[in-house]
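Chemist: Residue numbering for the sequence shown follows the UniProt record's numbering, starting at 1 and increasing by one per position.
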Amino acid sequence: MSATTILPLLAEVSPAKAAVAAFVGWLLWLDYKRASISPKVEAVGRTSIPIPILGSWIAAFHFLRDPVRLVTEAAKKTKNGMFLITTHQGEYVLVTDRAKVSEYLRAPDNVLSMQDGANDQQQIPFTMGYGIGHRTYHTAVVKGPVTRKINAKTPDMIDEATLAMDDIFGSPEEYTPFLLYNNMAMIVARIANRIYVGTKFCRNEAYLRVAIDYAEYVVISAELIKVFPDWFKSFIVRFMPCTTYRKRAETFLADFIQKRLDGHDVDENGEAPDDLLQWLIDAAPPIEKTMPQLSERIMALNVGSIHTTVMTFTGALYILAENPEKYVGMLREEVEANLQDGKITLETLGKLPKMDSFLREAGRSSNLGLMAIQRNARQKFTFSDGTVIPKGAKIGSPTLITHYDPEVYVNPEIFDPLRSYNEAREQGTVQKTLLTTGPNFNVFGAGRHPCPGRFLATHEMKLILSMLLLRYDFKFPDGVKAKPLYIGTMALPDTFVEVLFRKRRT
Numbered sequence: 001m002s003a004t005t006i007l008p009l010l011a012e013v014s015p016a017k018a019a020v021a022a023f024v025g026w027l028l029w030l031d032y033k034r035a036s037i038s039p040k041v042e043a044v045g046r047t048s049i050p051i052p053i054l055g056s057w058i059a060a061f062h063f064l065r066d067p068v069r070l071v072t073e074a075a076k077k078t079k080n081g082m083f084l085i086t087t088h089q090g091e092y093v094l095v096t097d098r099a100k101v102s103e104y105l106r107a108p109d110n111v112l113s114m115q116d117g118a119n120d121q122q123q124i125p126f127t128m129g130y131g132i133g134h135r136t137y138h139t140a141v142v143k144g145p146v147t148r149k150i151n152a153k154t155p156d157m158i159d160e161a162t163l164a165m166d167d168i169f170g171s172p173e174e175y176t177p178f179l180l181y182n183n184m185a186m187i188v189a190r191i192a193n194r195i196y197v198g199t200k201f202c203r204n205e206a207y208l209r210v211a212i213d214y215a216e217y218v219v220i221s222a223e224l225i226k227v228f229p230d231w232f233k234s235f236i237v238r239f240m241p242c243t244t245y246r247k248r249a250e251t252f253l254a255d256f257i258q259k260r261l262d263g264h265d266v267d268e269n270g271e272a273p274d275d276l277l278q279w280l281i282d283a284a285p286p287i288e289k290t291m292p293q294l295s296e297r298i299m300a301l302n303v304g305s306i307h308t309t310v311m312t313f314t315g316a317l318y319i320l321a322e323n324p325e326k327y328v329g330m331l332r333e334e335v336e337a338n339l340q341d342g343k344i345t346l347e348t349l350g351k352l353p354k355m356d357s358f359l360r361e362a363g364r365s366s367n368l369g370l371m372a373i374q375r376n377a378r379q380k381f382t383f384s385d386g387t388v389i390p391k392g393a394k395i396g397s398p399t400l401i402t403h404y405d406p407e408v409y410v411n412p413e414i415f416d417p418l419r420s421y422n423e424a425r426e427q428g429t430v431q432k433t434l435l436t437t438g439p440n441f442n443v444f445g446a447g448r449h450p451c452p453g454r455f456l457a458t459h460e461m462k463l464i465l466s467m468l469l470l471r472y473d474f475k476f477p478d479g480v481k482a483k484p485l486y487i488g489t490m491a492l493p494d495t496f497v498e499v500l501f502r503k504r505r506t
């Protein structure tokens, strides 16, 4: 049929019918694309309805309704330690067998990419900026000067934590309710930004509020835009709160950054301040050495330092608040035994093996995510048992399952604060801490790319917990218990629960 003969027929098609046809065509294309990268592993939550895309949508609804039950039951039923889940953001292969987890973590980056997985999980090029996701020089800065300077910066961190607690909790004589998550976020943000950008900003409540809200909205915005194709994400993200808060942050940081770039922020010896901004400027490629890009980078590192640290630490404090009579005395006694002239010092924080054990166990038991250590396939990957992960597929491991593996953890359903402390002494091995990653402990990732900021995060947690133990009694109100919130494959701590604080009496 020629174009001249088909045109009259097209003219008879109503706009509504054309729209329906286009929509059906789009659904068919989506289903074809999904099928082309869908690994041939057991899918859970699916139906046998032979209508394109509808089966996937029903599976996604089943996941949304009760993700914990779906993943838990699938882990029990599947025989080879892996299965496929479907969410509204796409399909994921979840691996629960620790040998297979170790196997895929060994894959080179050009086969299974950690950076592609991180970019997908947090939609980094869209929520934080293209350079953050594709020019990752900040990773070397975190591994290098940020980590190397922890010891030297500890007195500043202690000073800032003390002032922050005075401002936030004060010294209440009677139990007083505080929203724990929000206030811990403020304390962590103050300590981190003392190192990052100095006292001018780390005590500026308006700036800190922007940094905290930005960290939160990056997570929320990422989950919202995952459902859209990449070409549309660049448009829709302009209207997301993450973009609003990133621009607000720039209004605070612009003059500070530009003055440093122009060489006007130096001391009498011509030396620039020893802070994160300078470390970034020293490491940045020319295309990133501008005020907007450096502001983006500082805020991206705020996301990492605030979000991950506060999530993990809040879970630990909730355990203490629920059972203060069980754990507080033991931890408080250890801190007091290692004070230097009655004060917390760097040396104190290095002599707290029971606290290390408690924080690790809290991370194990409260980190209940459904998609940790994500990798995205740049090439086909084949497991040793022949299972193929095709190019374009996404693979990860649910800590909800791996952190409770009875072959790794004795009585995993029981919270044992001295689990790693006792294991090390019984086995004559080096004690495992939050910093010790592996296929069955993923608080800070695993494999060749663990979180580079884990040293600073763990140091902050030990410092804050030590100070809280020395200064306050705290507990949940009667009958209160925190419950995690699931957004997509992410598990977030309860951000609305209150904890009672008072000045320490015993």
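Glycine is no exception: its CB is placed at the ideal position from the N, C-alpha and C atoms. The model shown is predicted, which means the values in this text are computed figures rather than measured ones.
Alpha carbon to alpha carbon, what distance is there between Q431 and E205?
Modeler: The sequence position of residue 205 within the sequence shown is 205, counting from 1. The sequence position of residue 431 within the sequence shown is 431, counting from 1. In a straight line, the C-alpha of E205 is about 39 Å away from that of Q431.
Chemist: Starting from the C-beta of K481, find all residues in its chain whose C-beta is less than 6 Å away, skip the five residues before and the five after it, and write them out in chain order.
Modeler: Mapped onto the sequence shown, residue 481 falls at position 481. Within the same chain, K481 has no close Cβ partners at all.
Chemist: Using a Cβ-Cβ cut-off of 8 Å (strictly less than) and excluding sequence neighbours within five positions of F228, which residues of its own chain qualify?
Modeler: Along the sequence shown, one-based indexing puts residue 228 at 228. Excluding positions up to five away in sequence, the list reads I236.
Chemist: Looking at I319 and A362, is the spacing between their C-beta atoms short of 8 Å?
Modeler: Looking up residue 362 in the sequence shown gives position 362. Looking up residue 319 in the sequence shown gives position 319. In this structure, I319 lies closer than 8 Å to A362 by Cβ.
Chemist: Who does M490 pair with in a DSSP beta bridge?
Modeler: As a first step, residue 490 must be located in the sequence shown, where it is residue number 490. M490 is bridged to I487.
Chemist: For my contact list, V310 and Y486 are in at a C-beta cut-off of 8 Å; report their separation, rounded to the angstrom.
Modeler: Position 310 of the sequence shown, counted from the first residue, corresponds to residue 310. Position 486 of the sequence shown, counted from the first residue, corresponds to residue 486. Wrong, their Cβ atoms sit about 18 Å apart, outside the cutoff.
Chemist: Which residues share a DSSP beta bridge with T147?
Modeler: Along the sequence shown, read from residue 1 onward, the residue named residue 147 stands at position 147. In DSSP, T147 forms no bridge with anything.
Chemist: Which same chain residues, not among the five before or five after Q374, have their C-beta less than 6 Å away from its C-beta?
Modeler: Counted from its first residue, the sequence shown places residue 374 at position 374. Result list for Q374: G117, Q121 and G396, in chain order.
Chemist: Under the rule that 16 or more other beta-carbon atoms within 10 Å means buried, what is Y130, buried or exposed?
Modeler: Against the sequence shown, residue 130 aligns to sequence position 130. Burial call: exposed.
Chemist: Do the segment 169-177 and the segment 270-288 make contact, defined as three or more Cβ pairs closer than 8 Å?
Modeler: Counting Cβ pairs under 8 Å, fewer than three are found: no touch.
Chemist: Taking Cβ to Cβ, would you say Y214 is nearer than 8 Å to I298?
Modeler: For this step, residue 214 is matched to residue 214 along the sequence shown. For this step, residue 298 is matched to residue 298 along the sequence shown. Not a contact, by the Cβ cut-off of 8 Å.
Chemist: Which residue wins for smallest C-alpha separation from P108, given the options F441, F381 and N440?
Modeler: Position 108 of the sequence shown holds residue 108. With distances taken between Cα atoms, P108 lies closest to F381.
Chemist: Could you please give the first and the last residue of the uninterrupted beta strand (DSSP E) stretch that includes I85?
Modeler: Position 85 of the sequence shown, counted from the first residue, corresponds to residue 85. Where I85 is concerned, the enclosing beta strand (DSSP E) stretches over M82 to T87.
Chemist: Check whether the Cβ atoms of P484 and D494 sit closer than 8 Å, and answer yes or no.
Modeler: For the purposes of this step, residue 484 is identified with residue 484 of the sequence shown, where counting begins at 1. For the purposes of this step, residue 494 is identified with residue 494 of the sequence shown, where counting begins at 1. In this structure, D494 lies closer than 8 Å to P484 by Cβ.
Chemist: Within 10 Å of its beta-carbon, does S420 have 16 or more other beta-carbons around it, so buried, or fewer, so exposed?
Modeler: Here residue 420 corresponds to residue number 420 of the sequence shown, with the count starting at 1. Under this definition S420 is a buried residue.
Chemist: Return the first residue and the last residue of the beta strand (DSSP E) that T176 is part of.
Modeler: Walking along the sequence shown from the start, residue 176 turns up at place 176. Run containing T176: T176 to L179, per the beta strand (DSSP E) assignment.
Chemist: Can you tell me which of D416, L294, Y404 and C202 puts its alpha carbon nearest to the alpha carbon of Y327?
Modeler: Counting from one through the sequence shown, the residue named residue 327 turns up at place 327. Y327 has its Cα closest to that of D416, out of D416, L294, Y404 and C202.
Chemist: For N338, which option in M330, R332, T348 and G329 has the closest C-alpha, if you only look at C-alpha atoms?
Modeler: Numbered from its first residue, the sequence shown carries residue 338 at position 338. Comparing Cα-Cα distances from N338 to each of M330, R332, T348 and G329, the minimum goes to T348.
Chemist: I need the boundaries of the beta strand (DSSP E) containing E91, first residue and last residue.
Modeler: Stepping through the sequence shown from its first residue, residue 91 is reached at position 91. G90 to V95 is the span of the beta strand (DSSP E), which, as asked, contains E91.
Chemist: At the level of alpha carbons, what is the spacing between F126 and M114?
Modeler: Your numbering for residue 126 matches position 126 in the sequence shown. Your numbering for residue 114 matches position 114 in the sequence shown. Looking at the two C-alpha atoms, the distance is approximately 17 Å.
Chemist: Skipping 5 residues on each side, what residues in its chain have a beta carbon closer than 7 Å to that of I6?
Modeler: Mapped onto the sequence shown, residue 6 falls at position 6. In this predicted model, I6 has a pLDDT of only 45, less than 50, meaning its place in the structure is not dependable enough to derive any value.
Chemist: Of all Cβ atoms in chain B, is any one closer than 8 Å to the Cβ of I464?
Modeler: The question asks about chain B, but that chain is absent: this structure has only one protein chain.
Chemist: By DSSP, does F381 sit in helix, in strand, or in coil?
Modeler: Taking the first residue of the sequence shown as position 1, residue 381 is located at position 381. Of the three classes helix, strand and coil, the one that applies to F381 here is strand, per DSSP.
Chemist: Quick one: what's got a C-beta closer than 7 Å to T399's C-beta in the same chain, skipping five residues either side?
Modeler: Along the sequence shown, read from residue 1 onward, the residue named residue 399 stands at position 399. Cβ within range, chain order: N367, L368, G369, A372 and N442.
Chemist: Look at the alpha carbon of K354 and the alpha carbon of K343, and state the distance between them as a whole number of angstroms.
Modeler: By 1-based counting over the sequence shown, the position of residue 354 is 354. By 1-based counting over the sequence shown, the position of residue 343 is 343. One C-alpha to the other measures close to 19 Å.
Chemist: List the endpoints of the continuous alpha helix (DSSP H) containing D213.
Modeler: Taking the first residue of the sequence shown as position 1, residue 213 is located at position 213. Looking at the DSSP string, the run of the alpha helix (DSSP H) that includes D213 is E205 to I225.
Chemist: Anyone know if the C-beta pair for L352 and E334 falls short of 8 Å?
Modeler: For the purposes of this step, residue 352 is taken as the residue at position 352 of the sequence shown. For the purposes of this step, residue 334 is taken as the residue at position 334 of the sequence shown. Yes, these two residues count as a Cβ contact at 8 Å.
Chemist: Select from E174, N440, L224 and A74 the residue whose C-alpha is nearest the C-alpha of V408.
Modeler: Locating residue 408 in the sequence shown gives position 408, where the first residue counts as 1. Selected option, being the one with the closest Cα: N440.
Chemist: To the nearest whole angstrom, what separates the beta carbons of S305 and E250, a pair I think is in contact under 8 Å?
Modeler: Within the sequence shown, residue 305 is the residue found at index 305, counting from 1. Within the sequence shown, residue 250 is the residue found at index 250, counting from 1. 19 Å between Cβ atoms; not a contact.
Chemist: Please state the DSSP three-state secondary structure of S295.
Modeler: Position 295 of the sequence shown, counted from the start, is the residue given in the question as residue 295. Looking at S295 - three-state DSSP - the assignment turns out to be helix.
Chemist: Here's the rule: buried if 16 or more other CB atoms are within 10 angstroms of the residue's CB, otherwise exposed. What is E336?
Modeler: Against the sequence shown, residue 336 aligns to sequence position 336. It counts as exposed.
Chemist: What does DSSP give as the partner residues of E333 in its beta bridges?
Modeler: Along the sequence shown, one-based indexing puts residue 333 at 333. DSSP output for E333 lists no bridge partner at all.
Chemist: Under DSSP, the alpha helix (DSSP H) around D282 begins and ends at which residues?
Modeler: Position 282 of the sequence shown, counting from 1, holds the residue named residue 282. Its alpha helix (DSSP H) spans residues L276 to A283.
Chemist: Measure the beta-carbon distance from L469 to L331 and round it to whole angstroms, keeping in mind my assumption that it falls under 8 Å.
Modeler: Counted from its first residue, the sequence shown places residue 469 at position 469. Counted from its first residue, the sequence shown places residue 331 at position 331. With a Cβ gap of about 6 Å, L469 and L331 count as contacting.
Chemist: Taking buried to mean at least 16 other C-beta atoms within 10 Å of its own C-beta, is I414 buried or exposed?
Modeler: What you label residue 414 is simply residue 414 of the sequence shown in a count that begins at 1. By the 10 Å Cβ count, I414 comes out exposed.
Chemist: I'd like to know if the segment 130-139 and the segment 281-292 are in contact, where contact means that at least 3 CB-CB pairs between them fall below 8 Å.
Modeler: Enough Cβ pairs lie closer than 8 Å, so yes.
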